[in-house]
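Taking it in order: structure first as structure tokens, then the write-up.
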């Protein structure tokens with residue numbers, strides 16, 4: 005199919021497209037998964053396909069296929085769809101003139117050539133790690149390695165091809181004696197630099213420590229969110245409002261807030277498509293706009309929303325390189341790249357007299373993505389007493405508002421984690437409402 | 395399906411193939427403008443092979459060579475088994491499926507022009523845009539796919555299905571407060587747009603958003619509640635259904651492990667999973683060729699059955715038929731149409747029963763920890779119940795708690811079962827499901843608010 009991408013672009017022009025774009029993506033992943041402490045399966049997945057955007061008179065049609073035999077049909081459908089649509093006055097053009105920065109750390113030859121035997125070893129290391137903690141059992145988990153290749157071509161001269169690799173490991177653990185308590189850990193990276201044994205051990209220790217939880221009284225208190233918990237809240241309750249498309253369509257709690265002091269002055273948030281070895285790092289975004297580092301919140305002030313080229317054209321600004329696709333089957337839309345949460349770091353738990361530490365949350369996706377309101381169930385939560393973790397908490401609901409939360413951040417830890425594209429330390433928020 | 399004449403590799407005691415071919419159309423009307431008009435063609439296959447206690451799985455998109463696929467999956471299974479040998483996996487025997495009772499389609503959406511579909515979306519949009527609404531989004535989805543199945547033990551089957559439906563959301567804002575209302579319906583055949591009063595539904599989405607602007611965030615705490623059909627359906631699916639999936643039970647990650655025959659819920663509660671119903675979770679046979687069939691998960695409060703694949707059925711004893719996959723992914727144990735069966739209580743009786751508490755309506759989704767039996771989900775809105783009557787509207791209310799406690803606190807079960815279409819995520823895969831319930835009165839639950 006890769007060889008057919010250029011032909012498809014020409015076909016689209018021939019069929020009457022004034023502008024056209026071909027997005028080609030291929031992926032090969034190998035995963036080894038376990039159930040309890042036994043390896044259960046090995047999975048090999050190959051996927052490959054192209055998505056075509058065709059523009060006629062300022063209207064966009066889109067079609068996709070994963071079959072080489074159907075490329076011509078798909079091109080014709082994309083052009084025909086563009087023709088039935090009314091012209092969009094906000095359409096400017098597909099990107100052009102891409103001069104690309106060099107990015108590093110996103111491709112590792114050792115990951116590309118990883119044999120099944122090594123994948124099995126990494127999966128076993130996760131299991132072995134959990135065995136360091138008697139009284140726990142892994143329930144499920146696995147190791148995956150993947151290699152991806154993408155190519156973006158358009159009729160304005162964009163041509164960018166990139167290859168990348170990734171590995172990831174996940175483990176879920178349960179305690180076997182007394183009251184059941186669970187915990188998980190995971191890691192993702194571009195190269196083979198994750199200690200999977202340690203991940204397994206961490207998860208098992210956390211499940212063990214969480215056993216025999218107490219009930220606490222409803223209160224307002226300092227809550228320290230582990231990177232897993234805070235990244236979930238950022239992604240579900242805050243990020244949708246930074247999306248220029250939501251702003252332009254009246255679906256963002258941050259409309260007309262650029263230039264306003266949104267957060268405490270110590271906080272900055274960057275969106276960075278260039279950071280070394282980032283999970284969302286690449287030379288361009290998913291429509292061929294060069295990647296960049298964007299200060300979204302600088303010293304507490306909202307500096308910009310995030311744009312792809314359509315929303316940028318509509319607003320009369322430059323794209324921030326935030327065009328993103330779930331796969332070749334969907335047209336691009338605005339998405340996060342690597343999001344970096346920056347706040348002066350300290351030993352945040354030691355600095356907290358009394359409060360609550362929350363490792364993970366469930367239900368963050370039920371947040372109100374416009375108003376930023378969220379209500380989540382905290383998992384693996386502990387009381388903090390005199391600067392140290394004290395007792396596990398059985399059940400805890402935390403509710404709040406993502407925008408309010410930005411104004412109540414009062415601390416960050418040294419424990420920066422790469423949670424997919426979100427790179428953040430633990431974050432302390434003052435005066436959160438909790439119900440035990 | 396390509397002919398599969400091959401000698402099974404030594405040591406491979408089972409393999410199977412699923413070939414899926416399909417296409418989908420989506421139209422998105424955003425703030426009255428067509429934002430997306432797209433069509434997607436797909437073709438691919440998923441192949442499993444079993445060696446001893448290890449599975450190998452290969453999925454391929456595009457041009458398919460099944461023979462190579464079986465070989466690749468077999469190699470994976472063989473090397474897994476060589477490096478970590480374990481107890482052999484046995485599979486429950488099944489009969490070849492009978493494809494019958496497919497949903498009838500009166501109006502084929504492919505016979506309806508794009509212009510007509512866009513016009514329909516525009517009128518849905520117009521109805522959602524009641525006074526005070528400043529943003530709308532209407533989505534039309536249509537997908538057709540053909541599934542062919544074949545296994546080394548002679549099970550074969552094929553069917554074609556076509557789904558169609560829409561979702562509408564409307565957003566209202568006032569003084570920096572934003573609230574949304576949502577409605578969606580999915581079914582088989584374009585007649586779903588005639589059967590359901592879609593314009594009325596659109597208006598309902600708009601009005602919900604407006605109403606919510608005025609709603610208060612309640613004070614949380616423990617209290618008696620009434621759940622509407624949608625939220626109670628999410629509870630049945632999330633909190634009970636997932637814990638009944640036999641693969642999670644085998645992982646040691648379910649509170650329902652070793653509970654068959656036990657009274658785990660109020661005797662008023664019966665929960666059923668039924669893929670034969672023509673709801674969004676319908677299928678004639680599952681992803682390993684097992685005939686779809688109705689399962690009583692809980693009968694009159696007694697835990698009755700897990701949901702099974704061929705592997706889990708052989709291990710735990712039971713009937714296969716709930717093994718499903720998204721596209722060419724590896725099949726896992728999943729629900730289909732899951733619901734709490736009707737009781738005989740009227741809604742008014744429930745309000746009287748609860749007296750002072752909350753009525754929770756609609757769902758923004760939920761999540762469960764099956765190992766500890768703890769769930770969390772959010773209602774779209776609610777009403778305070780005071781002295782047996784509905785009073786003021788509240789928003790951003792969530793419910794969390796222990797599955798088994800809630801099941802035992804069910805005080806009344808209504809007589810007004812309703813199903814809602816949705817998608818369920820597990821193992822990184824989404825499949826279409828539906829869930830439902832009549833209204834439920836629960837004597838004690840933990841409600842979260844501000």
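Chains as they are written, first to last, in my numbering: chain A, 5 to 440; chain B, 395 to 844. Where a beta carbon is used, it is the ideal one built from N, C-alpha and C, also for glycine.
- When DSSP reads this structure, residue 685 of chain B sits in a beta bridge with B:679.
- If you draw a straight line from the Cα of residue 592 of chain B to the Cα of residue 476 of chain B, it is about 57 Å long.
- In this chain, residue 700 of chain B is not harboured by any beta strand (DSSP E), its DSSP state being neither H nor E.
- By the Cβ rule, the region 246 to 257 of chain A does not count as touching the region 202 to 219 of chain A, because fewer than three pairs are nearer than 8 Å.
- Short of 6 Å from the beta carbon of residue 230 of chain A, and not among the five residues preceding or following it, lie these beta carbons of its own chain, in chain order: 363 and 430.
- Residue pairing from DSSP places residue 574 of chain B in a beta bridge opposite B:565.
- Under the DSSP definition of a beta bridge, residue 377 of chain A partners with A:405.
- Runs of the alpha helix (DSSP H) spanning 4 or more residues and lying entirely within the region 454 to 537 of chain B occur at 460 to 477 and 508 to 522, in chain order.
- For residue 187 of chain A, the secondary structure class from DSSP, reduced to helix, strand or coil, is strand.
- Along the length of the region 574 to 651 of chain B, whole alpha helix (DSSP H) runs at least 4 residues long occupy 586 to 589, 592 to 608, 623 to 629 and 640 to 644, reported in chain order.
- A Cβ-Cβ separation of about 7 Å places residue 578 of chain B in contact with residue 559 of chain B under the 8 Å criterion.
- Collapsing the DSSP output to three states places residue 741 of chain B in a helix.
- Listed along chain B, the residues sitting closer than 7 Å to residue 70 of chain A by beta-carbon distance are 436, 437, 438, 455 and 456.
- With respect to chain B, the C-beta atom of residue 81 of chain A has a partner C-beta closer than 8 Å.
- In the structure shown, the three-state DSSP call for residue 232 of chain A is helix.
- Contacts with chain A at 8 Å (Cβ-Cβ) include residue 573 of chain B.
- C-alpha of residue 740 of chain B to C-alpha of residue 379 of chain A: approximately 31 Å in a straight line.
- Sequence-distant Cβ neighbours of residue 458 of chain B in its own chain, meaning closer than 6 Å and more than five residues away, are 439.
- In the same chain as residue 624 of chain B, and ignoring 5 residues on each side of it, the C-beta atoms closer than 6 Å to its own belong to 756, 757 and 814, in chain order.
- For residue 86 of chain A, DSSP records no beta bridge to any residue.
- For residue 435 of chain B, the closest C-alpha among the options A:38, A:60, A:80 and A:41 is that of A:80.
- Under DSSP, residue 158 of chain A forms a beta bridge with A:25.
- Only those residues of the region 99 to 125 of chain A whose C-beta falls short of 7 Å from the nearest C-beta of chain B are listed: 120, 121 and 124.
- DSSP places residue 729 of chain B in the coil class of the three-state scheme, outside both helix and strand.
- By the Cβ criterion, the region 461 to 475 of chain B is not in contact with the region 424 to 432 of chain B, since fewer than three pairs of Cβ atoms, one from each stretch, lie closer than 8 Å.
- Assigned with DSSP and collapsed to three states, residue 667 of chain B falls in strand.
- At a cut-off of 8 Å between beta-carbon atoms, residue 518 of chain B makes no contact with chain A.
- Legend: CB atoms of the region 31 to 58 of chain A lying less than 7 Å from CB atoms of chain B belong to residues 39, 40, 42, 43, 44, 45, 46, 47, 48, 49, 50, 51, 52 and 53.
- Under the three-state reduction of DSSP output, residue 317 of chain A falls in the helix class.
- Neighbours of residue 374 of chain A in chain B, taken as residues at a C-beta separation under 7 Å, are given in chain order as 565, 572 and 574.
- Closer than 8 Å to the CB of residue 412 of chain B there is not a single CB belonging to chain A.
- With a beta-carbon spacing of about 11 Å, residue 336 of chain A and residue 323 of chain A fall beyond the 8 Å limit used to define contacts.
- Using a Cβ-Cβ cut-off of 8 Å, residue 730 of chain B does not count as an interface residue toward chain A, since no Cβ of chain A sits closer than that to its own.
- Excluding the 5 residues flanking it on each side, residue 30 of chain A has same chain C-beta neighbours closer than 6 Å at 52 and 153, in chain order.
- Exclusion of the five residues before and after residue 421 of chain A leaves 231 as the residues of its chain whose Cβ lies within less than 6 Å of its Cβ.
- When DSSP states are grouped into helix, strand and coil, residue 215 of chain A belongs to the coil group.
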